[in-house]
Structures are given as structure tokens and as C-alpha cells.
Amino acid sequence: MKLLKEVDILHNKKLVIVLNLVALILFLAFLPLFYRLGLVIQESSGRTLVINPLDPFLALLCFLVILVVHELIHGLFFKIFKPENKVTFGIVWKSGMAYATSPGSHYTRVQMLVITLAPFVCLTSFLTLIYALNLMSLMGYTLLAAMHAAGCTGDFYYTYHLTCKFTNQKILVEDTESGLRIYGLED
326 MKLLKEVDIL HNKKLVIVLN LVALILFLAF LPLFYRLGLV IQESSGRTLV
376 INPLDPFLAL LCFLVILVVH ELIHGLFFKI FKPENKVTFG IVWKSGMAYA
426 TSPGSHYTRV QMLVITLAPF VCLTSFLTLI YALNLMSLMG YTLLAAMHAA
476 GCTGDFYYTY HLTCKFTNQK ILVEDTESGL RIYGLED
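Just so we're on the same page, the numbering used here is the position in the sequence shown counted from 1, plus 325.
This is the structure:
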């Protein structure tokens, strides 16, 4: 095995700044996307638009819960693929990043992609379902879904490395306390 790339997403200050800027851009891009999706769902259900002035505040409170659930989903999938390995959780307050990690655990490309993208897929689907069932307002749905999707920027960064950067190579991925190590495998 040859080390191809080490990604330190927690302590690399330049990377943290770039990822936070990308998250802001993604938030602005996801807002109209989820708003439009919400309108499509609303039109198909025949309900009317209701605006609650508390929605932005409720969305912020719900977002904190979503952050915890997001990391628990990562932890669940770490355990599904390596039940014998320890999973830890934490927050880096300086950068505002919450994380789940299973240091020293090795995963295939597909396993790490599932671990990485599971929270985005699960929580976006859940929020959309809750909205479709009329249990959330359009504003609440739009804000929560866009904030969560933008909060997945680090996961999308990992996905870039796993799918685009080393596309033509067999790789093994080691989870570390601060990111990933990507190893090339010999044929």
C-alpha cells in the first residue's frame, strides 16, 4: 500500500476557510433548489402557502438537532462496516465542525462513500418526507434542507477525493482523527 493523499479536514486552517466559503456558496445555491422542490410538492398536494414568522428561529433550533443526527448517521455506518472498531464524536469549536470518526479503521472506496454520503441522503429524504406530509412549513423546509446540505460540504469534499481524484486507482481509505488517508492498492 502506498499513501496517495492525507486529508486533514479539522486542523488545516486554509482548507477550513475554503470549505466554509464553499458551504456559504452551497447554501445560497441550495436555497432556491429546495424552495422550488417545496413548491412542486405544495402544488401537487393542493395546500396553500403558510408563513410563520418563527420559522427561521425554529429552523436554527432544529438544525442543531440535525447536526447531532448527521454525525450519528456517520457513526452508524462506521459500525455497520466495522462493528468491532470504536467510533468517537466531537466538535471543533474554532471551526464549527462536528465530526464522527473511527480512527485507524480501513474501508473500501464504496464503503467510505456510503459512510460519507449517508447523512446527506437520509436527512434530505427525511426532511422532504416531513414537508410532504405537511408537518413542516415551506420556509422551514427550505431553510433546514439548505443549511443541512451546505453543512455537508466536508462530506462532499471527501466524495470528490474518493470519486474524482483517484478514479482510475484501486484505493483503501483509512479514517483518521482529523480526516482521511487514501492508499493506493497494488493490482
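Glycine included, every Cβ here is placed at the ideal spot set by N, Cα and C.
Give a yes or no on whether the C-beta atoms belonging to A425 and T413 are separated by under 9 Å. yes
What three-state label does DSSP hand V390 in the structure shown? helix
DSSP state of H473 mapped onto helix, strand, coil: helix
Quick one: give me the first and last residue of the alpha helix (DSSP H) that M437 is part of. 434-457
List the whole-angstrom C-beta distance separating F403 from S430, where the pair is believed to meet the contact cut-off of C-beta under 8 Å. 7 Å
According to DSSP, simplified to helix, strand and coil, what is V498? strand
Presumed contact (8 Å Cβ cut-off) between L358 and A475, rounded CB distance: Wrong, their Cβ atoms sit about 11 Å apart, outside the cutoff.
Do you know how far the Cα of Y482 is from the Cα of R506? 13 Å
Rounded straight-line distance, which links the Cα of I496 to that of S370: 46 Å
So what's K419 in DSSP terms, helix, strand or just coil? coil
Please state whether the Cβ-Cβ distance between F491 and L356 is less than 9 Å. no
Integer Cβ distance of L397 from G504, believed to fall under 8 Å: In fact, because the Cβ distance is near 20 Å, the residues do not count as touching under 8 Å.
Uninterrupted alpha helix (DSSP H) stretches inside the stretch 330-377 (no shorter than 4 residues): 338-370
Three-state secondary structure (DSSP) at G465? helix
Are the beta-carbon atoms belonging to E511 and M326 less than 9 Å from one another? yes
Just verifying my parser: in three-state terms, what is the DSSP assignment at F491? coil
Other residues of its chain near I416: CB distance less than 6 Å, five sequence neighbours each side excluded: A423
Heavy atom of the ligand MN less than 8 Å from the Cβ of T488, yes or no? Annotation note on the ligand MN: not contained in the displayed structure, which lists no ligands.
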